[in-house]
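See structure below.
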Amino acid sequence: MAAPQEKRSSEERKHRGIPNGAQTSQGQWGRAWEVDWFSLASIIFLLMFAPLIVYYFVMSCDQYQCSLVRPLVDLLLGNARLSDIWDKTPPLTYKAAGIYVLWVTFQVILYAFVPDFCHKFLPGYVGGVQEGAVTPAGVVNKYEINGLQAWIITHVLWFANAYYFHWFSPTIIFDNWIPLLWCANILGYVVSTFAMIKGYFFPTNAKDCKFTGNFFYDYMMGIEFNPRIGKWFDFKLFFNGRPGIVAWTLINLSYAAKQQELYGQVTNSMILVNVLQGIYVLDFFWNEAWYLKTIDICHDHFGWYLGWGDCVWLPYLYTLQGLYLVYHPVQLGTANAMGILILGLVGYYIFRATNHQKDLFRRTNGNCKIWGKKPGYIECSYVSVDGTKYYSKLMTSGFWGWARHFNYTGDLMGSLAYCLACGFAHLLPYFYIVYMGILLTHRCLRDEHRCFSKYGKDWKRYTAQVPYRLLPGVF
Ligand code: NDP
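For the sequence shown, position 31 (counting from the first letter as 1) is numbered 31 according to full-length UniProt numbering, and the numbering increases by one without interruption.
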């Protein structure tokens, strides 16, 4: 599959140059240049409260059996003071710091020093050196795609340890969960601050930097587009995929091991959460080359939002269902378990098929079949900051003809399935579907704003032909 991708990139770069002076506002696509008061207020809110939200969720499991309401009630009724809760919180330990440093170092080694081998023997897998999309400054970065390999090596070692070597307990992650939270926060803040300083003093590509003049916005949303150390260590690809997403499945395995230790069995709900989230994670690594064309890599700059978010928010909040099930081991009836499995798998199918349709369409420049027919599309053009005009296409067939973000709809169905596996006794496991609902709805709006800035009237023609965002006839 490497060859068609190269073809796609070269075809997309077929363009006619227009004079620099003739640059239009279309050249300013990418993240915002100016900060309105609402964005600023949201950013300050998130910078202040997102770390507290993560702490609150994890603490409520540790001290209140995953009840989100009881800590608040205790505080309001004067049964507990903030200092009581804080005093019961496990501190940073040398052991956790050692585990975390070893973990991140191991992932850096797998990412930066072990070239991909999987694409040599796995049919259909795209790995090794791949090209990213054209950046606003007209740069095409190369990436070493070896995430699947890193995931496999890490998990083989995990199972080898659990069943053979016994170097450490498989419950090690659960047992050090809060001390590890402090380590993840330290890394998240260090990397975001470093990225900000780097953006000012030694950016990888100065033309792809954005300065709004607002410190908070720049810190949160990032200055540099693709910060790198050396030729290959790409911050966005590393922090987005590893250590957070490789860890996701290990964290869930650690929760399953804890259930086994505490109750002598692993419940079917825990197996469902492990399997459905495992498919999602494996899908991510199998399609890592495709991921180079998603919003995170193509459009977001690297700041606290991605740096801290990937180190702390993702591993701690995306795994809440498994954590909950350690405290509340739910055994589902067969019909409920089957219903949840089907919802999760159908959601996954829609998510994958929709993403695949766009990838196929873009790779072949529209010369493909979608649902057995040649796809319909809208021709569009855009201008990069150096004034070069590019041509592209927006597909109007398949799931992309049903709604403009049907991949998000599939993702939401899968997310709901993870939550339902936990039953209805507590709110905490449902955080994920609420969060994904907000994230993906906001992402729809953000993406459409960006696409409109990029494609102008061509985007309007597309939205006239495909009028709904997530659910045909509803939204
Ligand atoms: P998309 O993969 O939907 O990419 C959007 C981009 O695709 C647009 O910016 C545009 O880019 C292009 N595009 C839009 N419409 C069309 C069309 N009709 N034909 C061809 N190209 C089109 O979005 P994301 O990158 O946000 O999401 C990728 C996946 O990742 C989704 O399935 C999402 O659910 C998932 N995701 C998961 C998250 C999680 O935390 N679990 C978080 C975010 C995403 P261009 O400029 O190239 O035209």
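No residue lacks a Cβ here, since even glycine has one placed at the ideal position from N, Cα and C.
Just so you know, these numbers come straight off a predicted model, no measurement behind them.
Problem - Per DSSP, the bridge partner or partners of K373 - result: I370
Problem - N-terminal and C-terminal residue of the beta strand (DSSP E) that Q265 is part of - result: Per DSSP, Q265 belongs to no beta strand (DSSP E) and is neither H nor E.
Practice task
Please say whether Y305 and G222 have beta carbons closer to each other than 9 Å?
Solution key: yes
Practice task
Counting only runs of 4+ residues fully inside the stretch 263–335, write out the alpha helix (DSSP H) ranges in chain order.
Solution key: 268–286, 288–291, 295–298, 304–308, 314–317, 320–327
Handout entry: Residue environment, R81, which counts as buried when at least 16 other CB atoms sit within 10 Å
Key = exposed
Exercise for the section: Find out if the Cβ-Cβ distance for the pair L360, I378 is shorter than 9 Å. Expected result: no
Practice task
Would you tell me roughly how many angstroms separate the C-alpha atoms of F452 and K460, rounded to the nearest one?
Solution key: 7 Å
Handout entry: 6 Å CB neighbourhood of Y468 in its chain, flanking five on each side removed
Key = A403
Problem - Cβ neighbour criterion (16 or more within 10 Å) applied to L470 - result: buried
Handout entry: Any alpha helix (DSSP H) of 4 or more consecutive residues that is wholly inside the stretch 200–269
Key = 215–221, 235–241, 244–263
Problem - Reduced DSSP category for G387 - H, G, I as helix; E, B as strand; rest coil - result: coil
Problem - Rounded Cβ spacing between S269 and A421 (contact assumed at less than 8 Å) - result: 4 Å
Exercise for the section: Report the rounded CA-to-CA distance for G230 versus T204, giving the unit in angstroms. Expected result: 9 Å
Handout entry: Extent of the continuous alpha helix (DSSP H) to which G423 belongs
Key = Segment: none, G423 is in no alpha helix (DSSP H) and carries neither H nor E.
Handout entry: Terminal residues of the alpha helix (DSSP H) in which A96 lies
Key = 94–113
Handout entry: For I172, the nearest candidate out of E261, T135, V190 (CA to CA)
Key = E261
Practice task
Report yes if the C-beta of W308 is less than 8 Å from at least one heavy atom of the ligand NDP; otherwise report no.
Solution key: no
Practice task
Could you tell me the boundaries of the alpha helix (DSSP H) in which A160 lies?
Solution key: 147–160
Exercise for the section: Please find out if some non-hydrogen atom of the ligand NDP comes closer than 8 Å to the beta-carbon of W293. Expected result: Per the sequence shown, residue 293 should be read as Lys rather than Trp. Checking every heavy atom of the ligand NDP against the Cβ of K293, one is found closer than 8 Å.
Handout entry: Beta carbon of Y316 nearer than 9 Å to that of L237
Key = no
Practice task
Could you tell me which residues DSSP puts in a beta bridge with M436?
Solution key: None; M436 has no bridge partner.
Exercise for the section: Can you tell me which of the three DSSP states S67 falls into? Expected result: coil
Practice task
Could you have a look at G401 and say whether DSSP puts it in helix, strand or coil?
Solution key: helix
Handout entry: Residue(s) in a DSSP beta bridge with K142
Key = E131
Exercise for the section: Check whether the Cβ atoms of I350 and F284 lie closer than 9 Å to each other. Expected result: no
Problem - Beta-carbon spacing of N176, K95 below 9 Å - result: yes
Exercise for the section: Tell me whether L394 sits in a helix, a strand or coil according to DSSP, three-state version. Expected result: strand
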